[in-house]
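Novice: Attaching a single structure in structure tokens format; questions to follow.
Residue numbers (our numbering): 381 to 803.
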């Protein structure tokens with residue numbers, strides 16, 4: 381790897397992930413505005429937001445299957461053009477379907493970035509996989525912080541959502557330039573000489589299948605809550621978007637200091653504590669108001685902070701023969717679960733609102749009513765209770781994860797002792 385510029389490749393990877401996270405942060409901030417401008421209800425908004433999440437697994441799984449064949453460089457060049465096309469189509473969107481397809485393109489680009497960059501990081505840093513994956517993935521919450529601040533302050537000064545989306549073009553063009561000129565290594569699995577058949581056989585390992593199932597829950601806990609926080613808590617607090625900013629800022633700091641934490645606790649210990657804190661944070665977000673919401677946001681951020689990179693790091697460290705396909709199946713499984721959950725909960729949220737309105741009320745009529753009218757006030761009051769109810773329904777997921785990861789912790793501990801005894 382003497383001719384490989386490891387630092388520039390890592391910087392380019394971080395910028396590519398920054399674009400991915402900006403798309404989440406800015407979309408979370410403008411989702412309500414899109415609903416107003418294009419007269420979209422929560423079900424339609426949920427479908428648009430979910431499109432990014434199922435475009436992601438589509439790309440990450442296909443990318444994982446071909447990355448060893450076509451190389452990480454080719455995949456990242458494709459991600460650049462998908463990002464560019466998706467951003468421009470969003471800026472010039474005219475309604476539901478153009479927003480749907482532009483979000484799909486961005487989701488495919490995001491998945492392609494993940495498909496190439498996760499194996500790239502583990503290849504560049506074979507002795508510090510979990511730590512460097514945490515450092516790489518800090519740019520996901522980092523970009524959400526930047527994106528939500530862009531959305532918050534641009535909206536405050538009446539700068540249109542089209543300009544907000546356009547800011548993503550800057551890091552897109554920079555990472556595209558870097559990846560077009562740099563030389564890439566082969567993936568770690570190819571370099572280690574692990575055969576393709578051995579890799580696919582490893583995917584049937586019960587431990588890998590268990591981690592895939594847990595990835596459903598960790599991804600939903602982190603990403604559904606983050607993407608919908610402004611919609612769910614907007615009528616509970618005037619600072620709903622800033623709650624997301626606080627959460628993601630905590631995640632940035634945590635991932636930046638991942639090395640001593642992962643070293644001291646082990647990946648499984650980190651996952652247990654993460655699940656407990658996530659459950660506590662969601663409970664506070666669903667049962668609080670005022671400043672207590674920010675306490676919940678901090679605890680929730682501490683909880684979900686290590687979920688995604690540590691799940692990938694666990695697979696990279698303990699199931700290395702699964703290769704790039706294993707890493708990307710994990711990412712794809714997580715995003716697919718979020719996409720399904722978002723569509724389901726968007727519909728569930730609309731049903732919750734209807735149940736709180738007068739009998740036979742039309743949600744579309746109430747949504748179109750002036751905020752200071754009787755219908756507008758009734759809808760606002762319905763949202764005050766419906767949003768936290770959705771958060772409380774999601775709380776069961778990190779509770780289940782706490783039990784699952786506790787079992788995993790003792791299983792891995794027993795396996796480690798057995799290995800030492802055998803040795």
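We treat Cβ as the ideally placed atom computed from N, Cα and C, and that holds for glycine.
(1) Where does residue 730 land, buried or exposed, given buried means 16+ other C-beta within 10 angstroms?
(2) Rounding to the nearest angstrom, what Cα-Cα distance links residue 456 and residue 737 in this structure?
(3) Take the Cβ of residue 533 as the centre, count every other Cβ of all protein chains shown within 10 Å, and call the residue buried at 16 or more, exposed below.
(4) Quick check on the burial criterion: 16 or more other C-beta atoms within 10 angstroms. Buried or exposed for residue 449?
(5) Can you list, in chain order, the stretches of the alpha helix (DSSP H) that have 4 or more residues and sit fully within the segment 692 to 774?
(6) How many angstroms separate the CA atom of residue 686 from the CA atom of residue 782?
(7) Do residue 478 and residue 466 have their C-beta atoms within less than 7 Å of each other?
(8) Hey, out of 650, 699 and 620, whose CA is closest to residue 665's CA?
(9) Say whether the segment 629 to 643 touches the segment 681 to 700, bearing in mind that this needs 3 or more beta-carbon pairs closer than 8 Å, one atom from each stretch.
(10) State the DSSP-derived secondary structure class of residue 548, mapped to helix, strand or coil.
(11) Just to confirm, is the Cβ distance from residue 624 to residue 636 under 7 Å?
(12) Alpha carbon to alpha carbon, how far is residue 423 from residue 444? Give it in angstroms, no decimals.
(13) Along the chain, where does the alpha helix (DSSP H) that runs through residue 602 open and close?
(14) Does the separation of the CB atoms of residue 634 and residue 661 fall below 7 Å?
(15) Whose C-alpha, out of 698, 667, 531 and 722, is nearest the C-alpha of residue 602?
(16) How is residue 423 classed by DSSP in three states: helix, strand or coil?
(17) According to DSSP, is residue 648 part of a helix, a strand, or is it coil?
(18) Which residue spans inside the segment 386 to 473 form an unbroken alpha helix (DSSP H) run of at least 4?
(19) Give the range of the alpha helix (DSSP H) segment to which residue 569 is assigned.
(20) What is the DSSP secondary structure of residue 635, counted as helix, strand or coil?
(21) Tell me, please, whether the segment 578 to 589 touches the segment 759 to 769 by the rule of three or more beta-carbon pairs shorter than 8 Å.
(22) Taking buried to mean at least 16 other C-beta atoms within 10 Å of its own C-beta, is residue 793 buried or exposed?
(23) Looking at residue 463 and residue 528, is the spacing between their C-beta atoms short of 7 Å?
(24) What is the DSSP secondary structure of residue 521, counted as helix, strand or coil?
(25) Between which two residues does the alpha helix (DSSP H) harbouring residue 503 extend?
(26) Check whether the Cβ atoms of residue 513 and residue 648 lie closer than 7 Å to each other.
(27) State whether the segment 487 to 503 contacts the segment 434 to 442, with contact taken as three or more CB pairs (one from each stretch) at a distance under 8 Å.
(28) Report yes if the C-beta of residue 748 is less than 6 Å from at least one heavy atom of the ligand GTP; otherwise report no.
(29) If we ignore side chains and look at the alpha-carbon of each, how far apart do residue 475 and residue 418 end up?
(30) Would the segment 500 to 510 count as touching the segment 695 to 704 if we require 3 or more Cβ pairs under 8 Å?
(31) Hey, would you say residue 616 sits closer than 7 Å to residue 669, going by beta carbons?
(32) Given a cut-off of 7 Å on the beta-carbon distance, is the pair residue 400 and residue 480 in contact?
(33) Give me the Cα-Cα distance between residue 733 and residue 755, rounded to the nearest whole angstrom.
(34) Considering only residues of the same chain and omitting the five flanking positions on each side of residue 438, which have a CB-CB separation below 7 Å?
(35) Label residue 386 either buried or exposed according to how many other C-beta atoms from any shown protein chain fall within 10 Å of its C-beta, with 16 as the threshold for buried.
Specialist: Taking the structure as given:
(1) Taking the chain shown and counting its residues from 1, one reaches residue 730 at position 350. The residue is buried, with at least 16 neighbouring Cβ atoms inside 10 Å.
(2) Against the chain shown, residue 456 aligns to sequence position 76. Against the chain shown, residue 737 aligns to sequence position 357. Going from the Cα of residue 456 to the Cα of residue 737 covers about 49 Å.
(3) The residue labelled residue 533 in the question sits at position 153 within the chain shown. Label assigned to residue 533: exposed.
(4) Locating residue 449 in the chain shown gives position 69, counting from the first residue. Its Cβ having fewer than 16 others within 10 Å, residue 449 is exposed.
(5) Correct list: 703 to 736, 743 to 748 and 754 to 774.
(6) As a working note, residue 686 is residue 306 in the chain shown. As a working note, residue 782 is residue 402 in the chain shown. Their Cα atoms are separated by approximately 14 Å.
(7) For the purposes of this step, residue 478 is identified with residue 98 of the chain shown, where counting begins at 1. For the purposes of this step, residue 466 is identified with residue 86 of the chain shown, where counting begins at 1. Residue 466 is positioned such that its CB atom lies no closer than 7 Å to that of residue 478.
(8) As a position in the chain shown, residue 665 is number 285, starting the count at 1. Nearest option by C-alpha distance: 620.
(9) yes
(10) Taking the chain shown and counting its residues from 1, one reaches residue 548 at position 168. Looking at residue 548 - three-state DSSP - the assignment turns out to be coil, as it is neither helix nor strand.
(11) The residue labelled residue 624 in the question sits at position 244 within the chain shown. The residue labelled residue 636 in the question sits at position 256 within the chain shown. Contact: no.
(12) For this step, residue 444 is matched to residue 64 along the chain shown. For this step, residue 423 is matched to residue 43 along the chain shown. Those two C-alpha atoms are separated by around 31 Å.
(13) Here the question's residue 602 lines up with position 222 in the chain shown. Residue 602 -> no alpha helix (DSSP H), and no H or E assigned at all.
(14) Looking up residue 634 in the chain shown gives position 254. Looking up residue 661 in the chain shown gives position 281. Not in contact: residue 634 and residue 661 (Cβ atoms no closer than 7 Å).
(15) In the chain shown, counting from the first residue as 1, residue 602 sits at position 222. Residue 602 has its Cα closest to that of 722, out of 698, 667, 531 and 722.
(16) Along the chain shown, one-based indexing puts residue 423 at 43. Helix, per DSSP.
(17) Taking the chain shown and counting its residues from 1, the one referred to as residue 648 is at position 268. Three-state result, residue 648: helix.
(18) 386 to 417, 422 to 450 and 452 to 471
(19) Counted from its first residue, the chain shown places residue 569 at position 189. In the DSSP annotation of this structure, the continuous segment of the alpha helix (DSSP H) that includes residue 569 starts and ends at 568 to 572.
(20) For the purposes of this step, residue 635 is taken as residue 255 along the chain shown, with counting starting at 1. Three-state result, residue 635: helix.
(21) Contact between the segment 578 to 589 and the segment 759 to 769 is absent, because fewer than three Cβ pairs lie under 8 Å.
(22) Position 413 of the chain shown, counted from the first residue, corresponds to residue 793. If you draw a 10 Å sphere on the C-beta of residue 793, you find fewer than 16 other C-beta atoms in it, and that means exposed.
(23) Within the chain shown, numbered from 1, the residue matching residue 528 stands at position 148. Within the chain shown, numbered from 1, the residue matching residue 463 stands at position 83. Not a contact, by the Cβ cut-off of 7 Å.
(24) The residue given as residue 521 occupies position 141 in the chain shown. Residue state, collapsed to three classes: helix.
(25) Your numbering for residue 503 matches position 123 in the chain shown. 476 to 504 is the span of the alpha helix (DSSP H), which, as asked, contains residue 503.
(26) For the purposes of this step, residue 513 is identified with residue 133 of the chain shown, where counting begins at 1. For the purposes of this step, residue 648 is identified with residue 268 of the chain shown, where counting begins at 1. Contact check for residue 513 against residue 648 fails: the beta carbons are separated by 7 Å or more.
(27) yes
(28) Absence of the ligand GTP from the depicted structure is noted, as is the absence of any ligand whatsoever, leaving it without description.
(29) As a first step, residue 475 must be located in the chain shown, where it is residue number 95. As a first step, residue 418 must be located in the chain shown, where it is residue number 38. If I take the Cα positions, the gap works out to 6 Å.
(30) yes
(31) Stepping through the chain shown from its first residue, residue 616 is reached at position 236. Stepping through the chain shown from its first residue, residue 669 is reached at position 289. Yes.
(32) Residue numbering aside, residue 400 sits at position 20 when the chain shown is read from its first letter. Residue numbering aside, residue 480 sits at position 100 when the chain shown is read from its first letter. No, they are not a contact pair.
(33) Here residue 733 refers to the residue found at position 353 of the chain shown. Here residue 755 refers to the residue found at position 375 of the chain shown. The alpha-carbon atoms of residue 733 and residue 755 are separated by roughly 12 Å.
(34) As a first step, residue 438 is located in the chain shown; it is residue number 58 there, counting from the start. Answer for residue 438: 488 and 491, listed in chain order.
(35) Mapped onto the chain shown, residue 386 falls at position 6. Burial state of residue 386 is exposed, judged by a 10 Å Cβ sphere holding fewer than 16 other Cβ atoms.
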